[in-house]
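Undergrad: Supplied in structure tokens, the structure appears directly below.
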Amino acid sequence: MAARQDSMERRTLWIVLALNIGLAVAFFATGAFGDSSALIANGLDNLSDSFVYAISLFALSRSDKWKRGAANVSGGLLILFAAGILYDAWRRYIGGSDPLGTIMIAMALIAVAINAVCVWLLAKLKDPDVNIRAANTFSYNDFAANLGIVVAGGLVAWLGTNWPDLVVGVIVAGIAAWGGIDILRDAHGEHHKAVHTGK
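full-length UniProt numbering numbers the first residue of the sequence shown as 1 and each following residue consecutively.
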């Protein structure tokens, strides 16, 4: 039964990993073309998610200690990524940018559909460990961020200004930082549980 659960988790993580790598490439391409901080931010988000899924896959068949370590790396990466997004938004605020609202909306809607698939796949896993819970956090964060980009794209197209794009970039950074802190707390809780149970 445990072997079957491991196999299902591994297959799910591989699918979600592949989808996130594809999304990262698409976000970077459309972000560069559309001069959008929010799209670049989500590209960085999906890239960091991909690293984390790869770490989770590596830790999957290992001990609980390995899994907690992988979750700590995941949380730390999300916080680092948030700092990178804030820097990019600040750079665009100082240097100026001219984002394309229609490109932002189109890419975000595609990403929402793909994130919904990731959320559905991860929700099917029973009794998820700390890394699967981290993967769930990433997928929900991405879902929320992409909905924000749809709104920002509409405002950019309507108002002809770049501030909605920059605001969403900063909000994505905030969501990522909060998700990273949440994952670190979860891993810390698992560590304390392990100390009490002697695992």
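A virtual CB, placed ideally from N, CA and C, is assigned to each residue, including glycine.
All of these numbers come straight from a predicted model, not from anything done at the bench.
Look at the alpha carbon of Leu23 and the alpha carbon of Gly69, and state the distance between them as a whole number of angstroms.
TA: By one-based count along the sequence shown, residue 23 stands at place 23. By one-based count along the sequence shown, residue 69 stands at place 69. Distance between the alpha carbons of Leu23 and Gly69 is about 26 Å.
Undergrad: Considering only their Cβ atoms, is the gap separating Leu125 from Ile132 smaller than 7 Å?
TA: What you label residue 132 is simply residue 132 of the sequence shown in a count that begins at 1. What you label residue 125 is simply residue 125 of the sequence shown in a count that begins at 1. Yes, Cβ-Cβ distance for Ile132 and Leu125 is below 7 Å.
Undergrad: Helix, strand or coil: how does DSSP classify Gly160 here?
TA: For the purposes of this step, residue 160 is identified with residue 160 of the sequence shown, where counting begins at 1. Residue state, collapsed to three classes: coil.
Undergrad: Within the present structure, is the beta-carbon of Leu19 separated from the nearest heavy atom of the ligand MG by less than 6 Å?
TA: This structure lacks the ligand MG, and indeed carries no ligand of any kind.
Undergrad: Would you mind giving the Cβ-Cβ distance between Gly76 and Ala187, rounded to the nearest angstrom? I have them listed as a contact below 8 Å.
TA: As a working mapping, residue 76 is identified with position 76 in the sequence shown. As a working mapping, residue 187 is identified with position 187 in the sequence shown. Contact doesn't hold; Cβ gap of about 10 Å is too wide.
Undergrad: DSSP on Ser56, reduced to helix/strand/coil?
TA: In the sequence shown, residue 56 corresponds to position 56, counting from 1. In the structure shown, Ser56 sits in a helix (DSSP, three-state: H, G or I).
Undergrad: Taking the continuous alpha helix (DSSP H) assigned at Gly101, which residues delimit it?
TA: Locating residue 101 in the sequence shown gives position 101, where the first residue counts as 1. From DSSP, the alpha helix (DSSP H) with Gly101 extends over Gly101 to Ala123.
Undergrad: Find the nearest neighbour of Ile171 within the set Ile183, Val16, Leu19 and Ala41, judged by alpha-carbon distance.
TA: Within the sequence shown, residue 171 is the residue found at index 171, counting from 1. With distances taken between Cα atoms, Ile171 lies closest to Ala41.
Undergrad: What number of angstroms, rounded off, separates the C-alpha of Ser48 from the C-alpha of Gly160?
TA: In the sequence shown, the residue the question calls residue 48 occupies position 48. In the sequence shown, the residue the question calls residue 160 occupies position 160. If I take the Cα positions, the gap works out to 31 Å.
Undergrad: Secondary structure at Lys126, three-state DSSP: helix, strand or coil?
TA: As a working mapping, residue 126 is identified with position 126 in the sequence shown. Correct three-state label for Lys126: coil.
Undergrad: Would you decide whether Thr102 is buried or exposed? Buried here means 16 or more other CB atoms lie within 10 Å of its CB.
TA: Against the sequence shown, residue 102 aligns to sequence position 102. With fewer than 16 other Cβ atoms within 10 Å, it is exposed.
Undergrad: Round the Cβ separation of Ser50 and Leu13 to the nearest angstrom and send it over; I've been treating them as touching at under 8 Å.
TA: What you label residue 50 is simply residue 50 of the sequence shown in a count that begins at 1. What you label residue 13 is simply residue 13 of the sequence shown in a count that begins at 1. The Cβ separation is near 11 Å, so there is no contact.
Undergrad: Return the chain-ordered list of same chain residues with a C-beta closer than 7 Å to the C-beta of Gly34, the five sequence neighbours on each side being excluded.
TA: As a position in the sequence shown, residue 34 is number 34, starting the count at 1. Cβ neighbours of Gly34 beyond the five flanking positions: Pro99, Leu100, Ile103 and Met104.
Undergrad: Quick check: the region 84-94 against the region 165-185, are there 3 or more CB pairs under 8 Å?
TA: In short, these stretches touch, since the Cβ pair count reaches three.
Undergrad: How would you call Gly189, buried or exposed, if buried means at least 16 neighbouring beta carbons within 10 angstroms?
TA: Locating residue 189 in the sequence shown gives position 189, counting from the first residue. Its Cβ having fewer than 16 others within 10 Å, Gly189 is exposed.
Undergrad: Among Ser36, Ala135, Ala176 and Tyr140, which one has its Cα closest to the Cα of Gly153?
TA: Residue 153 sits at position 153 when you count from the first residue of the sequence shown. Ranking the options by Cα distance to Gly153, first place goes to Ser36.
Undergrad: Give the secondary structure of Asp182 by DSSP, where H, G and I count as helix, E and B as strand, and everything else as coil.
TA: To locate residue 182, count along the sequence shown from 1; it is residue 182. Residue state, collapsed to three classes: helix.
Undergrad: Rounding to the nearest angstrom, what Cα-Cα distance links Ala176 and Leu121 in this structure?
TA: Numbered from 1 along the sequence shown, position 176 holds the residue referred to as residue 176. Numbered from 1 along the sequence shown, position 121 holds the residue referred to as residue 121. Computed Cα separation, rounded: 21 Å.
Undergrad: Would you mind stating whether Ala71 and Ile183 have Cβ atoms separated by less than 7 Å?
TA: Walking along the sequence shown from the start, residue 71 turns up at place 71. Walking along the sequence shown from the start, residue 183 turns up at place 183. A contact, by the Cβ cut-off of 7 Å.
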